[in-house]
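> Here it is, the structure, as structure tokens.
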Amino acid sequence: MESKYDHQKFEREIYRKWEDPGAFKPGNGKKPFCIIMPPPNANDPLHVGHAMFVAIEDILIRYQRMLGRKTLWLPGTDHAGIETQYVFEKKLAKEGKSRFDFDRETLYKMIWNYVQDNSNVAIDQIKRLGASADWSRKKFTLDPEIVDFVLDTFIKLHQDGLIYRDLKLVNYCVKCGTAFSNLEVGHEERKTPLYYLKYGPFTLATVRPETKFGDTAIAVHPDDKRYKKYVGQEIGAEGLLGKFKIKVIADSSVDPKFGTGAVKVTPYHDHNDFAIWKRHPELPKPAQVIGQSGKLNQNAGKYSGLRVMKAREVIVEDLKRLGLLVKVDENYHNSVGVCYRCGAVIEPLPMKQWFLRVKPLTEKALEALSKKQVRVYGSGHDKILKHWLENLEDWNISRQIVWGIRIPVWYQKNSTEYVVAKESPGKNFVQETDTFDTWFSSSQWPVVTLKTNQPKDFETFYPTDVTETGYDILPFWVMRMLMMGIYLTGEVPFKKVYLHGLIRDEKGQKMSKSKGNVINPLVMIDKYGADALRMALVIRSTPGQDKGMGEGDVRGMRNFSNKIWNAARYINLKSQNSNLKTTIQNPKPDREFYKRLSQTASLATKHLSNYRIGLAAETVYNEFWHWFCDEAIEKNKRQEISDKAIFEGLVTFLKLLHPFMPFVTEAAWGEIKKQKTKNNEQRTMMEEMLISAEWPK
Ligand SMILES: [Zn+2]
Numbered sequence: 000m001e002s003k004y005d006h007q008k009f010e011r012e013i014y015r016k017w018e019d020p021g022a023f024k025p026g027n028g029k030k031p032f033c034i035i036m037p038p039p040n041a042n043d044p045l046h047v048g049h050a051m052f053v054a055i056e057d058i059l060i061r062y063q064r065m066l067g068r069k070t071l072w073l074p075g076t077d078h079a080g081i082e083t084q085y086v087f088e089k090k091l092a093k094e095g096k097s098r099f100d101f102d103r104e105t106l107y108k109m110i111w112n113y114v115q116d117n118s119n120v121a122i123d124q125i126k127r128l129g130a131s132a133d134w135s136r137k138k139f140t141l142d143p144e145i146v147d148f149v150l151d152t153f154i155k156l157h158q159d160g161l162i163y164r165d166l167k168l169v170n171y172c173v174k175c176g177t178a179f180s181n182l183e184v185g186h187e188e189r190k191t192p193l194y195y196l197k198y199g200p201f202t203l204a205t206v207r208p209e210t211k212f213g214d215t216a217i218a219v220h221p222d223d224k225r226y227k228k229y230v231g232q233e234i235g236a237e238g239l240l241g242k243f244k245i246k247v248i249a250d251s252s253v254d255p256k257f258g259t260g261a262v263k264v265t266p267y268h269d270h271n272d273f274a275i276w277k278r279h280p281e282l283p284k285p286a287q288v289i290g291q292s293g294k295l296n297q298n299a300g301k302y303s304g305l306r307v308m309k310a311r312e313v314i315v316e317d318l319k320r321l322g323l324l325v326k327v328d329e330n331y332h333n334s335v336g337v338c339y340r341c342g343a344v345i346e347p348l349p350m351k352q353w354f355l356r357v358k359p360l361t362e363k364a365l366e367a368l369s370k371k372q373v374r375v376y377g378s379g380h381d382k383i384l385k386h387w388l389e390n391l392e393d394w395n396i397s398r399q400i401v402w403g404i405r406i407p408v409w410y411q412k413n414s415t416e417y418v419v420a421k422e423s424p425g426k427n428f429v430q431e432t433d434t435f436d437t438w439f440s441s442s443q444w445p446v447v448t449l450k451t452n453q454p455k456d457f458e459t460f461y462p463t464d465v466t467e468t469g470y471d472i473l474p475f476w477v478m479r480m481l482m483m484g485i486y487l488t489g490e491v492p493f494k495k496v497y498l499h500g501l502i503r504d505e506k507g508q509k510m511s512k513s514k515g516n517v518i519n520p521l522v523m524i525d526k527y528g529a530d531a532l533r534m535a536l537v538i539r540s541t542p543g544q545d546k547g548m549g550e551g552d553v554r555g556m557r558n559f560s561n562k563i564w565n566a567a568r569y570i571n572l573k574s575q576n577s578n579l580k581t582t583i584q585n586p587k588p589d590r591e592f593y594k595r596l597s598q599t600a601s602l603a604t605k606h607l608s609n610y611r612i613g614l615a616a617e618t619v620y621n622e623f624w625h626w627f628c629d630e631a632i633e634k635n636k637r638q639e640i641s642d643k644a645i646f647e648g649l650v651t652f653l654k655l656l657h658p659f660m661p662f663v664t665e666a667a668w669g670e671i672k673k674q675k676t677k678n679n680e681q682r683t684m685m686e687e688m689l690i691s692a693e694w695p696k
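Residue numbers for the sequence shown follow numbering that gives the first Met the number 0, so the first one is 0 and each next one is one higher.
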């Protein structure tokens, strides 16, 4: 055995030795165990969050495999709709082009090719971390059989009355050119001037004077004595585009303490106003004054063509000039919706979109939770999940982008009639241009990946055992998988949810490029080995809680890799020179040694079985370093513990450490195996490869 463990030399070779003979395939165990890998963006490089999910899931998978279960970790990649199109458009922009320079088919093809060219980026990097996933079962969200299944799901939902098309206010990003679901809108506290405008006898406070051409009413609180006499009346007022009339209504959602207690109602550009308008059927149909371009339209008269912020500036000036601006509160703060993707301010716009009626699905999911059919590991996130499910609004599944699965709806030309079908129903039909929200396909992931794989996969592995991901995508992915899984199969898609926390820097700060504190997993693997990175990520981690980590931690775990190697090397040299049957004078220390060894194995087993991965890692780390190496090996050097005991101790520890640090343990195992042929007793103790060895009892 070489004197130092060289991860560069061993890692790729060992990975091949596992994968080539099929060690990642489910095997012949009786009881199945299955995890569906969260599909990363096909073309994205790995970040530390990916490394975390790979480490945790691979630990669970390797542990269960060693317990002898029929273990499947099913991998896949995601087309990641808006994310990928956004990256691609940035690339186009660098070439001086935009998506509007291409027709739909060309643009789709270009993105397809781009994704194909980079499709192995994520997979190759996941392999480098040691992921023992069954790559022969890998799926991509745009594989034809997946698309087919997703289209069938939409058709079934439509038949069941759970799909509808409606004009609603959507969260539209004019920069990204698409609507988003409520979940994808970030909220930022901002200082926004509050303008007090004159509307006839009223003074109204608003942060958005530029939408005034879309006003449908003035609203006051029903108990507000100041305005009682106006309620139900139409008042005349002077405006920027001349005189106009507007109705005064009473609505209990108006806060009498905000501004003057009277507000303008602009249904097509404000979610609250839209709700007020819905409650007052006596009001006329609103006018839309801002288009998808983010510019004011013809309904804004001479202000048409101006971008929102510019329009606000010009309009405020004109109001001032006409004496219609009473005052401005410059210190007003409000919450502004921003695009989670690009940071632009979200524009509420009226659009016809496809919605999924979620109530029947959330009810079933809540029922499954209350019946404990799903258990959530994640520091209180079970309550958060419940809260989401109880308050979820209908899901807008339409996206105005090309990179995705096109909604299978066909409109009859010159008519509002439509048909839901996979194929065109006839010549005079045109297809819906919207694509599905990318989460619509990933919400079906556990079902569709098992149903379109090898025969019996679904019957064998569904419901899967664990779904594992960062807590930040609990509502986007986990909740929706639960809803759709139950809808499609009548059963929960997974029995357990393990949510890991975010990885922060050693000071506990969020990692970001601008702060320069980002840990690049590939750099860490090159420098210290995949084992060191994995162990540094998981040790002392707690589900649902963030964890701080720096390069020093990874370096520390590289030292631990060396410790494992050195212990194996010492014992390997010993076993070359002894037949391991040497009896020693006093058997008592051996008995104590075996007792502690078995206690360590039981404790690690208990922690892993209860999904306390961080504690399991800490247990094997401490016991190996501080007891086995620092105490037991020293005693063996003084001949107080037998060679046989110390050899068996090493075998047990390599097994206990394997799920956490698969490469160095497999490498050490291989080296020791070379020696074993001399000794029959040793041979029976060691299976061919550590990955398929039996977990210590
Ligand atoms: Zn955006």
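Every residue gets a Cβ at the ideal spot worked out from N, C-alpha and C, and that includes glycine. Predicted, not measured: the structure shown is a model, and the values here were computed from it.
Checking 7 Å against the spacing of the C-beta atoms, do G377 and P542 come in under that value?
yes
> Report all residues for which the CB-ligand distance to some heavy atom of ligand 1 is below 6 Å; order them along the chain.
Near ligand 1, meaning a beta-carbon closer than 6 Å to one of its heavy atoms, we find C172, K174, C175, C338, R340, C341 and A343.
> Taking buried to mean at least 16 other C-beta atoms within 10 Å of its own C-beta, is M308 buried or exposed?
exposed
> Closer than 6 Å by C-beta to K654: which residues in its own chain qualify, once you throw out the five before and the five after it? Chain order, please.
A692 and P695
> Quick one: measure Cβ to Cβ for A216 and I245, integer angstroms, because I've assumed they're closer than 8 Å.
About 6 Å; that satisfies the 8 Å criterion.
> Report the CB separation of I671 from A22 in whole angstroms; it is logged as a contact under 8 Å.
Not really, about 19 Å apart at Cβ, beyond 8 Å.
> Take P283 and list the residues in its own chain whose beta-carbon comes closer than 7 Å to its own, dropping the five residues that flank it on each side.
T215
> Taking the straight line between their C-alpha atoms, what separation do you get for K8 and D525?
Those two C-alpha atoms are separated by around 11 Å.
> For H606, report the span of its alpha helix (DSSP H) as first-last.
It spans K587 to S608 - the alpha helix (DSSP H) in which H606 sits, taken as one unbroken run.
> Tell me the DSSP secondary structure of K197 in three-state form.
strand
> Within the 7 Å Cβ cut-off, does S601 reach chain D?
No chain D appears in this structure, which consists of one protein chain only.
> In angstroms, rounded to a whole number, what distance separates the CA positions of V650 and W668?
A straight-line Cα-Cα distance of about 8 Å links V650 and W668.
> Under 8 Å by Cβ, that's how I've got Q124 and L73 pegged, so tell me the actual separation to the nearest angstrom.
Going by Cβ atoms, the distance from Q124 to L73 rounds to 18 Å, so no, they are not a contact pair.
> Would the region 465–473 and the region 118–133 be scored as touching if the rule is three or more Cβ pairs under 8 Å?
no
> To the nearest angstrom, how far is it from the Cα of N516 to the Cα of V553?
15 Å
> I need the DSSP call for V120, collapsed to helix, strand or coil.
helix
> Using the Cβ count rule (16 or more neighbours within 10 Å means buried), how would you classify E665?
buried
> Are I612 and V537 touching if we call contact CB-CB under 7 Å?
yes
> What is the DSSP secondary structure of L59, counted as helix, strand or coil?
helix
> My guess is that A615 and L607 are in contact by the Cβ rule of under 8 Å, so how many angstroms apart are they, rounded?
Distance from A615 to L607 at the Cβ level is roughly 5 Å; contact confirmed, criterion being Cβ atoms closer than 8 Å.
> Hey, quick one: how far does the alpha helix (DSSP H) through S440 stretch, first residue to last?
T437 to S441
> Hey, would you say K546 sits closer than 7 Å to I502, going by beta carbons?
yes
> Mark R311 as exposed unless 16 or more other C-beta atoms lie within 10 angstroms of its C-beta, in which case mark it buried.
R311 should be labelled buried.
> What residue from Q84, I406 and Y620 has the CA that sits closest to R557's CA?
Y620
> What is the C-beta distance between P25 and L71, in whole angstroms, given that I count them as a contact (C-beta under 8 Å)?
5 Å
> Just to confirm my understanding: we take Q232, look at its own chain, exclude 5 residues before and 5 after, and list those with CB closer than 6 Å. What are they?
V247
> Look at the alpha carbon of T683 and the alpha carbon of A644, and state the distance between them as a whole number of angstroms.
Because the pLDDT at T683 is just 46, under 50, the model does not fix this residue reliably, and the value given afterwards should be weighed accordingly. Their Cα atoms are separated by approximately 15 Å.
> Counting C-beta neighbours from all protein chains within 10 Å, is the total for L212 16 or more, i.e. buried, or is it exposed?
Note that residue 212 is Phe in the sequence shown here, rather than Leu. Per the 10 Å Cβ criterion, buried.
> According to DSSP, is D471 helix, strand or coil?
helix
> For the region 187–251, list the beta strand (DSSP E) runs that are entirely contained and at least 3 residues long, ordered along the chain.
193–198, 201–205, 216–219, 233–238 and 241–249
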